[in-house]
Structure formats: C-alpha cells, structure tokens
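Below is one structure, written out as structure tokens; the observations come after it.
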Amino acid sequence: MEFPDWTFVGNSPAAAEYSLRFPSSRPQGDSKNDVVVVHALMPKTDRKPHAVVILHYWGATDLRVERNLAQQLNRRGIAAVVMELPFHLERTPLGLRSGAGAIDPDPAKLVQIMRQAVDDVRRTFDWIESRPEFDSSQLGLAGTSLGAIVSALVSGIDSRVASGAYLLGGAEIAHVIWNSSRIVKERDAMRRNGVTESSLRGDLAEIEPANHLRSRSPKRSFVIGARYDTVVPPRSTEALIQALGNPQVIWLETGHFGGFLIEKQVHQEIAKFFAASETGAEYVAPKSIRAPTLRLGFEANAESGIQIVAGVDVWRSNARGDGFASILASPRGPQFFVGFKAEKGLSIGATLRSGSVSPGLFWSIVL
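UniProt numbering numbers the first residue of the sequence shown as 1 and each following residue consecutively.
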C-alpha cells in the first residue's frame with residue numbers, strides 16, 4: 001500500500017519523533033481500533049539507522065516504558081518504532097478502557113484480534129522498508145508481556161525479523177490464559193461457555209507462537225523472564241525459550257511487576273543486545289540482574305491475628321522459592337516469616353515478632 005507521510009512531533013536530546021497513522025489490513029469493525037498508530041523515534045546520527053519495533057503490554061495507558069527503551073536504543077544509534085496494539089491507547093473504542101477487548105473470551109474472536117496485531121506489525125515493517133531514512137536490511141522486534149507474545153508470534157511468521165527481545169512473555173497461549181492471575185473475567189466467561197484449556201489449545205493453534213517458531217525463528221533472540229510470575233507463568237516462558245532454540249536468557253528474581261525497580265538496567269541490556277545484533281558482534285547476557293523479591297499479602301498468626309503485610313525475601317531454599325524467609329512490614333510493626341509453599345500463594349511456617357515465635361500462615365503474591 002501507499003503510506004501517508006509521517007508527521008513531525010518534536011525533538012528530544014536523543015531523537016526526533018514522528019507519528020504516523022494508516023489503516024489496519026485486518027479491520028475488526030471499530031473505526032478507532034482499525035487505524036494503526038505508530039510513533040517513530042529517530043536517533044540523531046549521520047547514518048541510516050536500523051529499526052526496532054516495540055510493542056507494549058496489555059492494558060497500557062501510556063507509552064512511558066516503551067519510550068524509556070526507545071531512549072536506550074536511540075543512544076546507540078538505533079531507531080525505535082513504537083506501535084500501539086489493537087484496542088489500546090489511541091485505538092481504544094469509545095467508552096472502553098485501554099486494553100478492554102484485546103483478550104476476548106470468544107476464542108474465534110481472540111484469534112482474529114491476534115491476527116490483526118500480527119498483520120499490523122508486518123505492515124509497520126512494510127512502512128519502515130518504504131522510508132529512505134531507515135536501513136531496513138535487518139529489523140528488530142521487542143515486546144513486553146502481551147507485546148512479547150505478539151512479538152514471538154510475528155517472529156515465527158515473518159522472516160524479516162533478524163533479532164527479537166521478549167520481556168515477560170511466553171508461548172503456550174492457552175496455558176497463559178488458563179493460569180494467569182490477570183486473566184480472570186475472560187477465563188470465567190470461557191468456562192461458562194464450555195471452553196477448557198485443552199479445547200482452547202486447539203482453538204488457538206493458529207496463533208500459538210511455538211507452532212511457528214519451531215520452523216522459523218530469528219537469528220538472534222533474547223528472553224527475559226520472571227521466576228515468580230503469576231501473569232505469564234514461568235512454564236510459558238520456558239516454552240518460548242525452547243521454541244526459540246538457543247536464545248540469550250535472564251531470569252529476574254521477581255514476579256511480573258517487580259522489575260520496575262530495575263527497568264533501566266533491563267532496557268540497557270535489551271539495547272546492548274540489539275546493538276550487538278546490528279554489527280554482528282556477540283552478545284552474552286549477564287547471569288542475572290539483581291532485583292529484590294517483593295511480596296504483598298496477608299499474614300496470620302496466633303499472636304497478631306490476620307494483617308496485611310509487605311515484605312522482601314532474604315533467603316530462598318531453591319530457584320523456585322519453595323522455602324523462603326521474608327522481612328515483613330505490618331500495621332503492628334516489623335516481623336520475620338520463614339516458611340514453605342503449600343499451594344496457590346499460601347505458605348506455612350513461623351512468625352518471629354518482638355522475640356516471640358508462633359505458627360503462621362502467609363498468603364502472598366510476588367510483585
């Protein structure tokens with residue numbers, strides 16, 4: 001297709017920003033959603049830059065995280081092209097919140113929405129190739145959470161993806177939907193309609209990243225997962241790693257949200273990965289990026305009763321954190337909990353407070 005010209009938005013110390021809108025090649029019937037919105041951040045360099053397309057997480061209400069990653073890329077002379085996913089941000093239908101409708105409880109509709117997202121990314125690639133300002137000889141793709149899942153699917157379909165970075169994403173979409181702590185309302189609606197995890201796996205086979213990545217994956221890939229993630233379960237991240245073959249991998253000692261404390265370090269590593277991919281240099285991911293394991297939940301013991309607490313782990317028995325010790329802040333003052341996981345976030349152990357020890361229960365989520 002013939003694309004409209006981009007519009008200059010403004011300058012920052014690292015980049016010049018432009019915006020672009022073009023029609024989706026797979027419309028879903030809503031005038032706002034069916035217009036693709038793209039933000040291009042061009043580094044201030046004398047050469048034509050390679051580009052990395054960036055996709056955001058589910059429910060994003062702004063592009064702060066994506067702009068921060070773009071800044072790290074721009075500093076290394078790489079262009080960042082941020083594409084808004086269907087049903088998000090400026091593409092949100094009137095009367096809905098950003099992201100509502102992006103994960104539909106009807107499997108057939110969900111397939112169509114994911115296909116729209118994939119085709120929108122591929123058309124964004126077409127646009128990059130049409131612009132003389134870019135060196136489009138190799139394209140990069142990066143995504144977070146839902147954006148990482150879409151990125152993985154595109155990577156398995158479009159051979160133009162030379163390098164891909166997948167942050168807090170995974171494969172086995174049916175497993176994600178059936179086990180994610182965030183996808184509750186949609187999962188309940190599926191159950192009421194007779195959908196099971198097994199039937200959903202078959203319904204979503206067309207958009208399952210692993211099915212495509214087994215036959216075609218980027219030359220270079222980088223996966224960053226969260227070891228205690230309840231939104232995208234680690235099993236799904238492991239499935240993505242396996243499907244990609246031999247990616248660089250970092251496991252954060254956090255849940256899905258705890259990485260915000262080390263966002264800059266994570267983005268720096270992603271930018272280093274793409275900079276190395278651009279030149280053909282080797283990139284070796286660090287073994288870890290230090291981040292605290294933060295917990296939020298309810299603790300109960302015979303002395304203090306039930307109370308809301310926040311804590312930080314100071315010891316774990318193994319990589320899964322089956323046994324752990326946390327320093328907790330509570331309305332009744334600081335205390336110490338040590339215990340072992342029972343199930344679904346519930347741990348059984350002992351609480352130490354003011355020199356006394358009592359049996360305790362701790363239900364928590366890791367941020």
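Glycine included, each C-beta is placed from N, C-alpha and C at the ideal position.
Given the structure is predicted, the values throughout are model-derived calculations rather than measurements.
Within the DSSP secondary-structure output, Asp-313 pairs in a beta bridge with Ser-326. The three-state reading of DSSP puts Ser-236 in helix, counting H, G and I together. In the DSSP assignment, Arg-67 falls within the alpha helix (DSSP H) that extends over 64-75.
Of the candidates Ile-306, Ser-288, Asp-30 and Leu-244, the residue whose Cα lies closest to the Cα of Ala-152 is Leu-244. With contact defined as three or more Cβ pairs closer than 8 Å, the region 132-141 and the region 192-200 are not in contact.
Around the beta carbon of Phe-337, a 10 Å sphere encloses 16 or more other beta carbons of the protein chains shown; the residue is thus reported as buried. In this structure Ala-80 is not in contact with Leu-89, their Cβ atoms being roughly 16 Å apart against a cut-off of 8 Å. Excluding the 5 residues flanking it on each side, Ser-277 has same chain C-beta neighbours closer than 6 Å at Ser-163 and Arg-220, in chain order.
DSSP places Lys-272 within a helical segment (H, G or I) once states are collapsed to three. By the neighbour-count criterion, in which 16 or more other beta carbons inside 10 Å mark a residue as buried, Ser-31 falls on the exposed side. Under a 10 Å Cβ-count criterion, Pro-286 is classified as exposed, with fewer than 16 other Cβ atoms of the shown protein chains found around its own Cβ. Residues Val-231 of the same chain have their beta carbon placed closer than 7 Å to that of Arg-182, with the five preceding and five following residues left out of the count.
The beta carbon of Trp-251 sits closer than 6 Å to the beta carbons of Gly-225 and Arg-227 from its chain, once the five residues preceding and following it are set aside; these are given in chain order.
If you look at Thr-144, you'll find it isn't in any alpha helix (DSSP H); it sits in the beta strand (DSSP E) that goes 139-144. Rounded to the nearest angstrom, the gap between the Cα atoms of Ala-325 and Asp-229 is 18 Å.
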